[in-house]
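A.B. asks: So the mapping is simple: the numbering used here equals the position in the sequence shown, first residue as 1, plus 38.
Virtual Cβ for every residue (Gly too), placed ideally from N, Cα, C.
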Amino acid sequence: MTKLQIRNHFLLFAAALIWGSAFVAQRVAVDYMEPNTFTGLRSLIAAVFLIPVIFIADRFKNGPEACAGEVSGRFDRQVLTGGALCGVILFAGSIFQQIGIQYTTPGKAGFITALYIVGVPVFGIFLKKKSGPFLWIGVLFAVAGLYLLCITSGFALGRGDGWLLLCAVIYTFHILVIDHYIRKADGLRMSCVQLFVCALCASFFMILTEHPDPRMILAGWKPLLYAAILSSGVAYTFQIVGQREVNPTVASLILSLESVFAVISGAIVLGQHMTTRETTGCALMFAAIILAQIPRRS
């Protein structure tokens, strides 16, 4: 494994950690803002936050993209096309998840959404993305771990679950599209474009379907800024930059650790005790990541 791959694996782990710990902030924000309003504002703030980060990175040779060596370092066609497409996909996935989670438990929503770990290698077959046997075993381990972690009672498809399944499919394409464009695109710039496009889409539907209240938005500024700067600005950038030179199925497995970090964060921050079932689920998830790193025979 090269130094670039080690660094990018770490960035994907960091993205999953941020998303898992930001779950509380996103849940709190629901009390203040409707889905499109929240998604539009957090994406816009995150995009603006990245602008000075891009200029700072450009001034230092050892910036986030320095070791990639193949990126242009400007808003070229790859960045604009990839960022715009990812932004539309990200918007659709975020909204479908927000609609679906209203009608089910957070645990069940997390399990169904994270099924993109199955979708990525399946769709990858058609894109000639090879996955060795250990990687497929890792996917099975991860699904079992997610089930133990997220589903505490009987599982049955109900109202809203169809939206969450659509969300899982959309996030599958999000990972695969990033994998396609990030090989020759500047990660920071692509993330910035993605967030601006996501904000534009959300704002359009906000104007059509919602009635944002400025007083409520100001009242919910803390969870909004947390979700905007960390969950969107930092974590989505880590995802895009981190996927370079990483198998998309491996990337999906690492990113699915969001559910594990959400449970661990709840135990540490909120004092919630982890059950034996949850601990077993976490162990299976981490075992899946280890299995995914075993080299495939030539």
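Can you say whether HIS311 is buried or exposed, counting buried as having 16 or more other CB atoms within 10 angstroms of its CB?
C.D. replies: For this step, residue 311 is matched to residue 273 along the sequence shown. Per the 10 Å Cβ criterion, exposed.
A.B. asks: Between the region 263-282 and the region 168-179, can you find at least three pairs of beta-carbon atoms closer than 8 Å?
C.D. replies: Taking 8 Å as the limit for Cβ pairs, the verdict is that the region 263-282 does not touch the region 168-179.
A.B. asks: Pairing CB atoms from the region 285-294 with CB atoms from the region 151-160, are three or more of them under 8 Å?
C.D. replies: Contact between the region 285-294 and the region 151-160 is present, because at least three Cβ pairs lie under 8 Å.
A.B. asks: Name the residue from GLN64, LEU82, LEU49 whose alpha carbon lies nearest to the alpha carbon of LEU233.
C.D. replies: The residue you call residue 233 lines up with position 195 of the sequence shown. The option with the nearest alpha carbon to LEU233 is LEU82.
A.B. asks: Which complete alpha helix (DSSP H) runs does the region 43-93 hold, if anything under 4 residues is left out?
C.D. replies: Runs of the alpha helix (DSSP H) inside the region 43-93: 61-67.
A.B. asks: PRO159 and VAL181 - do their beta-carbons sit closer together than 8 Å?
C.D. replies: If you number the sequence shown from 1, residue 181 lands on position 143. If you number the sequence shown from 1, residue 159 lands on position 121. Contact: no.
A.B. asks: Would you identify the three-state DSSP class for GLY271, choosing helix, strand or coil?
C.D. replies: Along the sequence shown, one-based indexing puts residue 271 at 233. Looking at GLY271 - three-state DSSP - the assignment turns out to be helix.
A.B. asks: Enumerated in chain order, which unbroken segments of the beta strand (DSSP E) with a length of 3 residues or greater are wholly contained in the region 202-270?
C.D. replies: The region 202-270 contains no whole beta strand (DSSP E) run of 3 or more residues.
A.B. asks: Hey, is the region 211-221 in contact with the region 53-62, meaning 3+ C-beta pairs nearer than 8 Å?
C.D. replies: The region 211-221 is not in contact with the region 53-62.
A.B. asks: Given this structure, state the Cα-to-Cα distance separating TYR253 from THR317, to the nearest angstrom.
C.D. replies: Counting from one through the sequence shown, the residue named residue 253 turns up at place 215. Counting from one through the sequence shown, the residue named residue 317 turns up at place 279. Note on residue identity: the sequence assigns Arg, not Tyr, to residue 253. Distance between the alpha carbons of ARG253 and THR317 is about 41 Å.
A.B. asks: Hey, how far is the Cα of ALA104 from the Cα of THR313?
C.D. replies: Your numbering for residue 104 matches position 66 in the sequence shown. Your numbering for residue 313 matches position 275 in the sequence shown. Confidence at ALA104 is low in this model, with a pLDDT of 45, below 50, so the placement of that residue is unreliable and no value is reported for it.
A.B. asks: Check the C-beta distance from LEU322 over to GLY183 and give it rounded, since I have them as a contact under 8 Å.
C.D. replies: Numbered from 1 along the sequence shown, position 284 holds the residue referred to as residue 322. Numbered from 1 along the sequence shown, position 145 holds the residue referred to as residue 183. Confirmed, about 3 Å.
A.B. asks: Taking the alpha helix (DSSP H) that GLY131 falls in, what are its first and last residues?
C.D. replies: Residue numbering aside, residue 131 sits at position 93 when the sequence shown is read from its first letter. Its alpha helix (DSSP H) spans residues 115-138.
A.B. asks: GLN140 and GLY198: beta carbons closer than 8 Å?
C.D. replies: Numbered from 1 along the sequence shown, position 102 holds the residue referred to as residue 140. Numbered from 1 along the sequence shown, position 160 holds the residue referred to as residue 198. In this structure, GLY198 lies closer than 8 Å to GLN140 by Cβ.
A.B. asks: Residue range of the alpha helix (DSSP H) that VAL158 falls in?
C.D. replies: Your numbering for residue 158 matches position 120 in the sequence shown. Start and end: 154-164.
A.B. asks: Helix or strand or just coil, what does DSSP make of GLN277?
C.D. replies: Locating residue 277 in the sequence shown gives position 239, where the first residue counts as 1. Residue state, collapsed to three classes: helix.
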